Structures are given as structure tokens and as C-alpha cells.
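Each remark here refers to the structure printed beneath this line.
Numbering (the numbering used here), first residue to last: 204 to 876.
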């Protein structure tokens with residue numbers, strides 16, 4: 204409903220609220236009145252210049268309605284929400300999921316229609332699926348690393364076909380009688396198929412229709428992935444302006460697809476409404492700085508933070524004396540203020556675990572040969588064992604530095620194959636140890652680990668098992684191969700078997716008597732056992748506190764190197780606690796060996812998969828425990844393990860997939876939602 208006629212004001216200024224949605228491709232601004240009527244909407248291309256585009260949008264609103272609007276509240280969302288929020292003086296900054304849900308449910312109420320239960324949102328470079336029950340988000344997901352099937356892809360293909368994406372594309376596609384089959388795969392393959400069909404003389408309308416179907420199929424198969432789709436489906440985002448894509452969804456699902464009014468700016472409408480509610484509750488005046496960002500006194504400065512070896516590229520925004528920082532991954536100095544008044548009720552288990560690991564290590568004594576242990580892969584769960592073993596044998600233990608930019612770059616340079624990011628990091632950690640003069644580098648050929656019962660497998664992933672051989676094959680490391688220690692170990696077969704394996708290794712590789720190795724194995728098991736017992740004791744205390752207080756908690760599940768490498772996971776686990784006051788419980792603080800997962804998966808081959816599903820099953824018994832699955836791009840086992848999560852836990856979970864990029868904006872969006 205629009206109400207822009209100036210004569211309605213009768214000389215009085217309209218109480219208004221402003222919502223701004225700053226995306227990578229488009230930027231939307233919406234002004235609403237106190238009842239949520241849209242007074243003015245603007246849809247602009249971001250073009251990599253969000254500040255200039257927002258300034259242009261604000262100028263348009265001022266020119267059209269500036270003399271009759273009294274802006275009482277401003278909200279921002281989208282990938283640029285933090286920066287633009289600081290510049291315009293936003294009163295609230297929220298994630299896109301919440302913004303789109305709020306806008307969509309408002310449209311339903313205003314149109315007196317059945318409440319929306321499903322939202323398909325496809326923007327220029329990202330996609331979102333939101334499931335709603337009685338106006339509350341009960342499940343959501345976003346596209347991961349791939350932008351195939353988003354608006355920018357469709358626009359690129361339309362340009363290749365010589366078709367205007369606005370109006371002409373949909374008109375041609377809807378006229379097609381034989382849509383081209385392009386599948387829903389990677390953009391590269393779809394582009395190749397389009398080119399091939401063009402050369403074969405395919406009709407343009409059939410190619411347009413095929414592309415519309417590809418976008419819909421890609422979204423359903425790679426974003427929705429079997430989640431419940433309701434009957435009142437809103438199609439939102441810039442791609443929803445294309446009627447052909449909406450028609451493709453309807454044909455595939457056999458359900459009506461509703462493209463709501465203001466579909467391209469629903470997120471901005473939602474933010475205006477959230478700002479309205481926030482300001483009415485707070486009773487304070489708006490922070491809105493006015494319609495011109497040029498009149499806002501701000502400066503920007505780029506510098507490198509040297510608080511640690513990460514050397515983060517920082518940006519400082521000084522806005523009328525208030526400084527804010529972007530780019531930091533770890534430093535307390537530039538940490539953003541908490542976004543909630545909530546405080547955790549349990550201790551910082553992540554910090555506690557780090558301290559336990561450090562206590563396992565006495566540090567170099569000098570005068571003894573050194574064994575270097577890379578701070579990657581096996582380090583995060585088996586360091587106490589290997590550290591105690593080699594120290595008992597008479598070696599100093601040297602641990603590589605925490606993952607930083609230099610180590611990541613070394614890993615990228617040395618990696619020959621195309622493994623997952625953690626394996627690339629392992630290469631970098633090995634190189635750093637060599638540069639620090641380690642006499643040996645430990646790269647165990649660990650095949651499996653202990654399991655609570657014989658019918659459950661517990662193998663490490665192939666990259667873990669073969670890491671020593673992969674790194675030995677790196678051409679740049681050819682001259683130092685003799686430094687690599689690669690004992691084959693089957694922890695699953697029990698202590699006696701491990702004693703035998705390590706005894707053979709010590710005598711043949713290090714010329715150390717087997718009896719000495721046996722004593723070292725005893726010390727290693729004692730150290731690992733003490734570490735595990737300390738984690739379980741702290742976890743039991745955390746569960747008691749959560750039970751007594753009824754406070755919610757986030758259970759982190761995933762491989763140890765994904766959960767605890769602060770650089771590899773953009774420090775998201777700690778940000779959940781520091782920024783949002785969440786109670787965070789990593790899965791190895793929980794009694795997972797007591798959980799029977801055979802009803803979920805009777806033949807779970809992988810050790811991490813067993814633990815992940817056990818943690819998920821445990822949360823089923825606790826209403827206040829919720830799952831966050833931290834994984835990495837290219838992880839084969841995780842790609843199907845996560846499909847069993849819902850069956851094990853009986854509740855939705857948040858999946859965060861990292862791929863080596865240092866920008867945490869997308870992950871913060873998912874966490875806030």
C-alpha cells in the first residue's frame with residue numbers, strides 16, 4: 204500500500220521509518236509510515252560503491268518527501284549493514300533473514316492473506332531459503348561458496364544471448380514450447396551448454412526458458428536440499444522481478460508462487476518495521492544523521508594490525524569522532540562491542556581447552572634434538588599424546604605458530620594437489636617448523652582411533668591418513684624428507700597394539716629401545732587421558748549450570764581442526780560468545796561415547812562422523828541445546844555426514860562452511876539469523 208500524496212499530511216509531518224538493505228549487487232531504501240505503509244521505495248545497483256549509492260538514495264528520498272517526513276528510526280541489513288549503519292546513524296542493524304521474514308509477514312497481514320510459510324529469496328550473488336511457522340523462523344539456509352543460479356548469473360547469460368534481462372527475457376522464456384535442458388550444475392558447465400546450444404542453432408526463447416528452469420532447479424537442489432516447502436510461498440529478491448523464474452518454480456513444485464508487492468525491497472521494508480518497533484520500545488530519539496552522507500564528517504584509514512602474527516588488513520572509520528574497525532579476526536584491541544546484553548552463564552570452554560593444550564607442553568629445554576609438531580590437523584585432539592611420547596623419549600617438542608597469513612600463504616604455495624583448506628594449512632605449518640630449525644617433523648600415519656564399541660568404525664579421513672606421504676611428495680621439500688617421522692598407528696586396536704607399532708617405529712627410525720618406547724607410550728596415554736577427563740569434567744559442570752539456569756547453549760560440532768583453529772574459522776566460535784553472549788559448548792566436552800548412533804547410521808565409518816552424530820543425538824534430550832556444525836569446503840565425509848544431523852538431533856542446525864577466505868560477513872549473517 205502506498206501513501207505518498209502530500210495532501211494527506213494536512214501540513215503535518217509524517218512519522219516515518221527508514222529501512223536500508225545494502226547487498227553486493229543491489230541497494231534498497233524504503234521509507235514507511237508508522238503503520239507500515241510504503242511511502243517511497245528505491246532499488247539501485249550497488250556497483251561496488253555502497254556509500255555513494257546510499258547517499259544517492261537518501262538524496263532522492265529527501266527530494267521527494269524530505270519536507271514532510273520526520274524520520275524516527277533507521278535500520279540497516281545486507282552485507283554492508285555495519286558500515287552503512289555507522290554512516291547513516293542506524294538505530295538497529297540486523298541480519299537479512301530476520302529482515303526478509305519481518306517484511307514478508309507484514310505484507311501478508313496488510314493484504315489479509317494466509318500467512319506466508321516459505322520464502323524463496325534470490326539476490327544478485329546469494330540465495331536464502333526461510334521456513335516460517337506462525338510468523339516465526341523455524342529453519343533457514345543460504346547458498347554456500349557457489350553463486351550459480353543467482354541473479355548475476357542470469358544477467359550474464361542474458362547479455363550473452365543479446366536479450367534485455369528486464370521484461371524481454373521473461374517474455375521470450377514464457378513463449379517457449381521446448382525449454383533447453385541445461386541442468387542445475389556449476390555455472391561453468393551451464394555456460395558451456397548454453398554456448399554449445401547456441402552454436403547448434405537453438406532458439407533464444409528456449410534457451411531463456413532453460414536458464415529460468417536452471418535457476419529454479421539449482422536453488423531447490425543446492426539451497427533447499429529437501430527441506431520442508433510449505434504452501435504459501437513468497438518469491439523475493441531482485442530475481443523475483445523475472446516472471447519466468449517464478450513460473451519455473453511453480454511448474455516444478457506444482458504449487459502457486461506468490462511474488463509479493465515490493466518484492467525487490469522486502470528486506471528494506473522489514474528493517475523499517477524493525478526500526479519502528481525498536482524505537483518505540485526504547486523511547487529515545489533516532490541516531491539518524493540526515494539525508495546526505497557528504498555532510499557526515501568521516502574519514503577512513505587502512506593499516507595493518509600487528510598485535511599478533513596474523514597481520515590483519517584493517518580499515519578504520521572515524522565518523523564524527525567515533526571510531527569503528529573492520530578486518531580484525533582476533534585482536535582484543537579492535538574487538539567490536541557486544542551486540543546483546545546477554546552474558547554467558549558458563550565459563551569460556553574454548554579458552555579453557557587452549558590452556559589445557561598449552562599445559563601439555565613443557566617447551567624446549569635446549570640441548571636435545573627437537574621434534575616439530577604442526578599446529579594443524581591431529582594437533583587439536585592428539586597433541587597431549589604425541590607431546591608426552593616424544594618428551595619421554597628425550598626430545599624437545601617445538602610447536603608451530605598459530606595459523607596466520609604467512610602460514611596460509613606457505614601452504615597454498617607448497618600444496619601440489621587440491622585438498623581441503625586445513626590440509627593446505629598443514630603444509631604451511633610444516634614449512635614454518637623447518638624454517639625454525641626443527642630436527643624432525645611429526646606427521647603420524649594415524650589410521651583410526653578408539654571407539655566405544657567394536658561395531659562402530661572410527662577411521663580418520665583419507666587426507667589425515669595420507670598426510671605424511673602427501674607432504675613428502677612436495678618437490679620443494681625433497682631435500683628434507685629424512686626429517687619426517689611417520690609412525691603408523693591404529694589407536695582403535697588398543698594400547699598393546701600401539702605399543703608394538705610405536706616400539707617398531709622407535710627402534711627402526713630413531714634407534715631407541717622398545718622398552719623406552721613402551722614407557723613413553725604409558726606417559727602418552729596418561730597425558731591424553733588427563734586431557735580428555737578434564738574436558739569431560741568441565742563439560743559436565745557446564746551442562747549442570749545450563750540445566751539449573753535453563754539458559755540456551757550452542758553445541759559446536761565438527762572436526763577438531765575446524766572448531767579450534769581461530770584463523771581457519773574466522774574466530775566465529777569465540778565471536779558467538781563475545782559478540783552475542785552465547786553459551787558455547789564444543790562437542791568434545793560432552794560424554795559422546797555413551798550415545799548409540801546405530802539407529803541414525805548403522806555403519807558410520809568415520810571417527811568425526813561418529814562423534815558429530817553422537818553430539819547431535821545428545822542434544823535431542825536437551826531443549827536448550829542447539830547445534831552449530833563447523834565444516835570446511837571440499838570435505839568429502841562431511842558432505843554426507845551433515846545430511847544425518849536432522850535425524851540425529853530432531854531439530855534444525857546451523858552449518859558454517861569455511862573455505863580459507865578471511866571475510867566473516869557471511870558467517871556473521873548466518874549466526875545472527
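For glycine and all other residues, C-beta sits at the position ideal for the given N, C-alpha and C.
Remember, predicted model here, so these are calculated numbers, not experimental data.
Limits of the unbroken beta strand (DSSP E) element including residue i
{"i": "residue 353", "result": "No beta strand (DSSP E) contains residue 353, which DSSP labels as neither H nor E."}
{"i": "residue 248", "result": "241-248"}
{"i": "residue 789", "result": "786-789"}
{"i": "residue 521", "result": "516-522"}
{"i": "residue 876", "result": "It is not in any beta strand (DSSP E) - residue 876 carries neither H nor E in the DSSP assignment."}
{"i": "residue 940", "result": "What is shown of the chain runs 204 to 876, which leaves residue 940 out entirely."}
{"i": "residue 436", "result": "436-439"}
{"i": "residue 860", "result": "856-861"}
Proximity of residue i and residue j at Cβ, strictly below 9 Å
{"i": "residue 786", "j": "residue 739", "result": "no"}
{"i": "residue 224", "j": "residue 478", "result": "no"}
{"i": "residue 419", "j": "residue 397", "result": "no"}
{"i": "residue 323", "j": "residue 220", "result": "no"}
{"i": "residue 643", "j": "residue 686", "result": "yes"}
{"i": "residue 301", "j": "residue 329", "result": "no"}
{"i": "residue 806", "j": "residue 847", "result": "no"}
{"i": "residue 549", "j": "residue 289", "result": "no"}
{"i": "residue 878", "j": "residue 399", "result": "Because the chain is modelled from 204 through 876, residue 878 falls outside the range shown and cannot be assessed."}
{"i": "residue 832", "j": "residue 793", "result": "no"}
{"i": "residue 563", "j": "residue 734", "result": "yes"}
{"i": "residue 445", "j": "residue 415", "result": "yes"}
{"i": "residue 293", "j": "residue 490", "result": "yes"}
Residue i (DSSP reduced to helix, strand or coil)
{"i": "residue 207", "result": "Low per-residue confidence applies at residue 207: pLDDT is 38, beneath 50, and the placement is therefore not dependable, though the value from the model is reported in the following sentence. Three-state DSSP puts residue 207 in coil, outside helix and strand."}
{"i": "residue 223", "result": "strand"}
{"i": "residue 320", "result": "coil"}
{"i": "residue 342", "result": "strand"}
{"i": "residue 881", "result": "Nothing can be reported for residue 881, as the shown portion of the chain is limited to 204 through 876."}
{"i": "residue 549", "result": "coil"}
{"i": "residue 691", "result": "strand"}
{"i": "residue 484", "result": "helix"}
{"i": "residue 836", "result": "coil"}
{"i": "residue 575", "result": "strand"}
{"i": "residue 831", "result": "strand"}
{"i": "residue 272", "result": "strand"}
{"i": "residue 216", "result": "coil"}
{"i": "residue 767", "result": "helix"}
{"i": "residue 667", "result": "helix"}
{"i": "residue 528", "result": "strand"}
{"i": "residue 383", "result": "coil"}
{"i": "residue 368", "result": "coil"}
{"i": "residue 650", "result": "strand"}
Where the alpha helix (DSSP H) containing residue i begins and where it ends
{"i": "residue 260", "result": "253-268"}
{"i": "residue 505", "result": "It is not in any alpha helix (DSSP H) - residue 505 instead sits in the beta strand (DSSP E) that spans 501-507."}
{"i": "residue 421", "result": "407-422"}
{"i": "residue 659", "result": "From DSSP, residue 659 is part of no alpha helix (DSSP H); its letter is neither H nor E."}
{"i": "residue 642", "result": "That residue, residue 642, is in no alpha helix (DSSP H); it is neither H nor E in DSSP."}
{"i": "residue 235", "result": "That residue, residue 235, is in no alpha helix (DSSP H); its beta strand (DSSP E) goes 229-236."}
{"i": "residue 584", "result": "582-596"}
{"i": "residue 448", "result": "446-456"}
{"i": "residue 761", "result": "Looking at the DSSP string, residue 761 is not in any alpha helix (DSSP H); the run it does join, the beta strand (DSSP E), is 756-761."}
{"i": "residue 599", "result": "Note, residue 599: premise wrong, no alpha helix (DSSP H); beta strand (DSSP E) at 599-602."}
{"i": "residue 700", "result": "698-712"}
{"i": "residue 777", "result": "775-781"}
{"i": "residue 851", "result": "848-852"}
{"i": "residue 676", "result": "No alpha helix (DSSP H) contains residue 676, which DSSP labels as neither H nor E."}
{"i": "residue 608", "result": "608-617"}
Inside the segment 274-301 only - alpha helix (DSSP H) runs reaching at least 4 residues: 284-291
At 4 residues or longer, and completely inside the segment 716-753: list those alpha helix (DSSP H) runs for me, N to C. 717-752
For the segment 611-628 against the segment 591-600, are there 3 or more C-beta pairs whose distance is under 8 Å? no
Could you check whether the segment 259-275 touches the segment 484-497, counting it as contact only if at least three pairs of C-beta atoms, one from each stretch, sit closer than 8 Å? yes
Pair every Cβ in the segment 806-817 with every Cβ in the segment 751-769, then say whether three or more of these pairs are closer than 8 Å. yes
Specify whether the segment 402-421 and the segment 353-371 touch according to this definition: at least 3 beta carbon pairs, one from each stretch, less than 8 Å apart. yes
Any contact between the segment 422-436 and the segment 327-335? By contact I mean 3 or more CB pairs, one from each, below 8 Å. yes
Three or more C-beta pairs closer than 8 Å, one from the segment 648-656 and one from the segment 690-707: is that the case here? yes
With three or more beta-carbon pairs closer than 8 Å as the criterion, would you say the segment 662-682 touches the segment 612-621? yes
Could you check whether the segment 454-462 touches the segment 241-259, counting it as contact only if at least three pairs of C-beta atoms, one from each stretch, sit closer than 8 Å? no
Mind the definition here: the segment 821-836 touches the segment 845-862 only if three or more C-beta pairs lie below 8 Å; say whether that holds. yes
Quick test of the definition: if touching needs 3 or more C-beta pairs under 8 Å, does the segment 764-783 touch the segment 715-722? no
Taking three-plus beta-carbon pairs below 8 Å as touching, is the segment 232-242 in contact with the segment 336-346? no
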